[in-house]
Amino acid sequence: MRTRTHLTPAVAAVTATLLVGLLTACGQEARGGSRYQPDAGKGSTVGIAMPTKSSERWITDGQNMAEQFEAAGYRTDLQYGDNKVENQVAQIENMITKGHRLLVVAPIDGSALTDVLRRAHESGAKVISYDRLVLGTEHVDAYASFDNERVGELQGGYLVEALGLDEESGESGETYSVELFAGSPDDNNTRYFWDGAMNVLEPHIEAGHLVVGSGQTRMSQATTLRWDGGTAQKRMDDLISRHYGSTTVDGVLSPYDGISIGVISALRSAGYGTEARPYPVVTGQDAELASIKSILAEGQTQTVFKDTRKLAEQAVLMGDALLNDEEPEFNNTTDYDNGEKVVPAYLLEPVSVDASNVDLLVEEGYYSAEQLS
Ligand code: GAL
């Protein structure tokens, strides 16, 4: 189990505000100074709709949010959609029926919630889009995420550096073979990760010293429905057997740890992972425990650490502001157009992790030293 924070300073501050408000509300007449609203604040329930338990990160996201919202005085209703759109829609419907005032949603399919969020809006509930942007609706009040394009840049940049492409700049005439994987086509983040990575990789592909052996260079050829590791494994099996008879795969752009693990399984079956034929450079995202262990065992090469405790904290701060009719703090009000509105966002910074700085995860308290040993 990942270690988790219980009461971060920011959440403690929210709790303190609520307590002060509560005392004011219970004491003499509040003279317009109290921000405490009995209906919106302590005691009201926050609906948290997460996509799946099949990936460790969402389990932690849900737990972190439940703990932090509860520490701030709210009740929580945490639901997982099992990666099925109809489940998630039904869960959100249910939350509306139960009268929840705030919904925090990480969509399974970004475009499938338009109707249900209209009903949420009619019921007066506020909506926070969590990590993944909800598309095609004006009824989303705020977006808490990471700088998603930067995630892709870190992945693409890692491949370039690890293969030594910048230094060689084609002078040695050496070429490297890579394969490219993208995330789920119905997740808005997929495009951002891909674009970020391709901004870095494309010049090298055009210069000819990075060769995509399969020729599959379009995002639509590289997507992985629902980010499924098994699906990625099958595609990698197929790419190896069709395109790598005599050549070696030198690098794989993988946007997510679950995909990386699938890709590495396919490589292992094809004879990679030995001294004579080491694994290629394989990127990832989420710093999931299985991938960190794989990095330490020289399987996967890199991942992108996104501290989900901080993301949960951001959602709590945003939610608390929205429930009190205040403007949440945003640091990006231009980039995340969902087709109906530019959703104001707070974006956190992702960090690239490989074997050289993996200790960071222990220093930050994200994992214990025992978990990594
Ligand atoms: C994305 C998310 C990634 C990864 C992926 C698969 O939306 O930003 O961090 O978790 O889903 O779950």
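Per our numbering, the very first residue in the sequence shown carries number 2; after that it's consecutive. From the three backbone atoms N, C-alpha and C, an ideal C-beta is built for every residue, glycine too.
Own chain residues within Cβ distance below 8 Å of residue i, not counting five before or after
i    : result
E30  : The predicted model places E30 with a pLDDT of 29, which falls under 50 and marks its position as unreliable; any figure quoted below should be read in that light. Here the set comprises nothing.
D196 : E150 and G153
L297 : A356, V359 and L373
G28  : With a pLDDT of 29 at G28, under the threshold of 50, the modelled position of that residue is not reliable, and no figure is offered here.
G214 : S178, V179, E180, L240, H244, Y245, T248 and V250
G125 : R102
L362 : A288, I293, F306, V354, Y368 and L373
G33  : Only weak support exists for where G33 lies, its pLDDT of 29 falling under 50; the coordinates are left without a value.
E94  : V117 and R120
A346 : A143, Y144, A145, S146, F331, N332, N333, T334, D336 and Y337
Q217 : E180, L181, A223 and L240
beta-carbon residue i near the ligand GAL non-hydrogen atom, thresh 7 Å
i    : result
Y367 : no
R119 : no
W195 : no
G184 : yes
D307 : For clarity, residue 307 is Lys in the given sequence; the question names Asp instead. Checking the Cβ of K307 against the ligand GAL gives yes.
S130 : no
R76  : no
S396 : For residue 396 there is no data in the structure shown, the boundaries of the chain being 2 and 374.
Y347 : no
D336 : no
N325 : no
R133 : yes
Q301 : no
N190 : yes
Y257 : yes
D167 : no
Q286 : yes
DSSP beta-bridge partners of residue i
i    : result
T46  : R76
A322 : Answer is none; A322 lacks a bridge partner.
K127 : L103
Y347 : A145
L118 : Its beta-bridge partners do not exist; DSSP assigns none.
E180 : V253
V213 : V179
Q303 : D355
M51  : Y81
D1   : Residue 1 falls outside the range modelled here, since the chain spans only 2 to 374, and no answer is possible.
V161 : Partner(s): none; V161 has no beta bridge.
V264 : Per DSSP, none; premise fails for V264.
D338 : V343
V152 : DSSP output for V152 lists no bridge partner at all.
V201 : Paired residue(s): none; V201 is not in a bridge.
DSSP state of residue i mapped onto helix, strand, coil
i    : result
Y273 : coil
I109 : coil
L362 : helix
F70  : helix
T232 : helix
Y368 : coil
A26  : A caution first: A26 carries a pLDDT of 35, below 50, which makes its placement in the model unreliable, though a value can still be read off. In this structure, A26 counts as helix in the three-state DSSP scheme.
D308 : coil
D355 : strand
D132 : coil
D188 : coil
V86  : helix
N333 : strand
D287 : coil
R243 : helix
L373 : helix
Contact set for residue i: own chain, Cβ-Cβ below 7 Å, skip 5 residues either direction
i    : result
L348 : S146, F147, D148, N332 and N333
E341 : G137, T138 and E139
V201 : E154, G157, G158 and V161
S255 : F182, S261, V264, V283, T284 and G285
R133 : A107, P108, G111, D188, N189 and N190
N84  : P52, T53, S55, I109 and R227
Same chain, Cβ closer than 6 Å to residue i, five either side skipped, listed in chain order
i    : result
V141 : V128, S130, V135 and V344
V86  : I109, D110 and A113
Y193 : N149 and E150
A1   : Missing from the structure shown is residue 1; the chain here goes from 2 to 374 and no further.
Below-8 Å beta-carbon distance, residue i vs any chain D residue
i    : result
V317 : Within the model displayed, chain D is absent; a lone protein chain is all it includes.
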